[in-house]
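If you read the sequence shown in this note's numbering, its first letter stands for residue 3, the second for the next number, and so on.
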Amino acid sequence: MSEYKGAIVTGSSRGIGSVTAQLLAEQGIGVVINYRAKAPRANKIVAAIEEKGGKAVAVGADLTTVEGPQALVDAAIENFGSLDVLVLNASGGMETTLGENYALRLNRDAQVAMLQAALPKLSEGGRIVFVTSHQAHFIHEVSTMDAYDAVAKSKRAGEDALREFIPQLAEKGIKFVVVSGDMIEGTITATLLNRVEPGAIEARREAAGKLYSVEEFGAEVAKMVFADVESGHTELVGGAEDFLKQAGK
C-alpha cells in the first residue's frame with residue numbers, strides 16, 4: 003500500500019481521470035473525485051471506490067473559477083488529513099459554448115491556479131502529475147489537426163507554465179511528472195476530432211501501431227504517481243516514435 007494518504011484527481015468523474023482515481027484508491031489513497039457539472043456520475047465513482055473498501059469524496063468545482071481549486075484542496079485535507087498527490091487531468095477547449103479563450107483558461111491558467119492552491123498543503127515528498135497528449139507536447143515541432151491546434155497550444159502553454167514551478171517544488175521534495183499519450187480510444191476529444199476530420203482516429207492508429215484505451219492509459223498515469231523518476235520527467239506513453247522523428251529527437 004502507498005505511503006500517500008490523500009490525492010486530488012481533476013476531471014475524474016469519467017474517462018482517464020476516473021480510472022486513475024480508482025487505481026489510486028486501490029493503493030489505499032483517499033481520493034477527491036472532481037467534477038464540473040455531473041454530480042451523479044461522480045457519486046457513482048465514489049460508490050465504486052467505497053464498495054472496494056477505498057476512500058473517496060465527490061467535489062463539484064470548476065477549475066476556471068477563483069474558488070474551484072481551493073475547494074478541492076480543502077476537501078482533501080478535511081477528508082483524508084493530508085494532500086500528497088495532485089493529478090492534473092482535467093482539460094478541454096473544443097467546446098464552443100464556453101467562450102473564446104476557454105481552452106487557454108482551462109489548460110493553462112486553471113492548471114497553474116490548481117497547483118498554486120495545492121502547494122501550501124502538499125506534503126513533502128509529494129507528487130504532481132500533468133496529463134497531456136503527444137499532439138500538445140510536441141506542438142512546437144509537429145503540427146496537428148486544425149481543429150485541435152488551439153487546444154494543443156493551450157495545453158503546451160500549461161505544461162510550460164507548470165514546469166516553471168519545478169525549482170519551487172523541489173524545496174519541498176515534490177516531484178513534477180508529465181504523462182503524454184496519443185489519441186485515446188473512447189475519449190470525447192478523440193470522438194470530436196474524428197467527427198471534424200473523419201478518419202483521424204484510424205490515421206493515428208496506423209501511425210502509432212496501437213491506440214491505448216481509457217483503462218490502459220489511466221493505468222499508466224497512476225503508475226507515474228509512484229514511479230522513481232526525476233522531477234520534470236516526461237513519460238511518453240505509446241506511439242511517440244513518429245512524433246520524436248518529426249521533431250528531430
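Just so it is clear, CB atoms sit at the ideal spot from N, CA and C, and this is done for glycine as well.
- The segment 77-89 makes contact with the segment 22-36; the number of CB pairs closer than 8 Å reaches 3 or more.
- Taking a cut-off of 8 Å for Cβ pairs, the segment 177-185 and the segment 145-155 do not touch, as fewer than three such pairs fall below it.
- Cβ atoms of Met226 and Val131 come within 8 Å of each other, at about 5 Å.
- Leu85 and Ile203 have their C-alpha atoms roughly 37 Å apart.
- Annotation for Lys155: Ile141 place their beta carbon closer than 6 Å to its own, counting only its chain and skipping 5 residues before and after.
- Just so you know, the alpha carbons of Lys247 and Tyr6 end up roughly 38 Å apart.
- Proximity to Pro42 across Gly55, Ala152, Ala60, Leu108 peaks at Ala60, based on C-alpha coordinates.
- Distance from Gly127 to Phe82 at the Cβ level is roughly 16 Å; contact not present, criterion being Cβ atoms closer than 8 Å.
- When DSSP assignments are scanned along the segment 48-101, the uninterrupted stretches of beta strand (DSSP E) that are 3 or more residues long and fall wholly within it turn out to be 58-62, 85-90.
- In the three-state reduction of the DSSP assignment, Ser233 falls in the coil class, being assigned neither a helical nor a strand state.
- Within its own chain, the residues whose Cβ lies closer than 7 Å to the Cβ of Leu25, once the five positions on either side in sequence are excluded, are Gly220, Ala221, Ala224, listed in chain order.
- Taken through DSSP and simplified to helix, strand or coil, Ile31 comes out as coil.
- A check of alpha carbon separations from Val216 across Leu106, Val133, Arg38 identifies Val133 as the nearest.
- Rounded to whole angstroms, the gap between the alpha carbons of Leu117 and Gly211 is 35 Å.
- In this structure Arg206 is in contact with Met185, their Cβ atoms being roughly 5 Å apart against a cut-off of 8 Å.
- In the structure shown, Asn36 adopts extended strand secondary structure according to DSSP, grouped into three states.
- Nearest in C-alpha terms to Met96, of all of Glu243, Leu124, Glu218, Ala192, is Ala192.
- For the pair Leu194 and Gly94, the Cα-to-Cα distance works out to about 11 Å.
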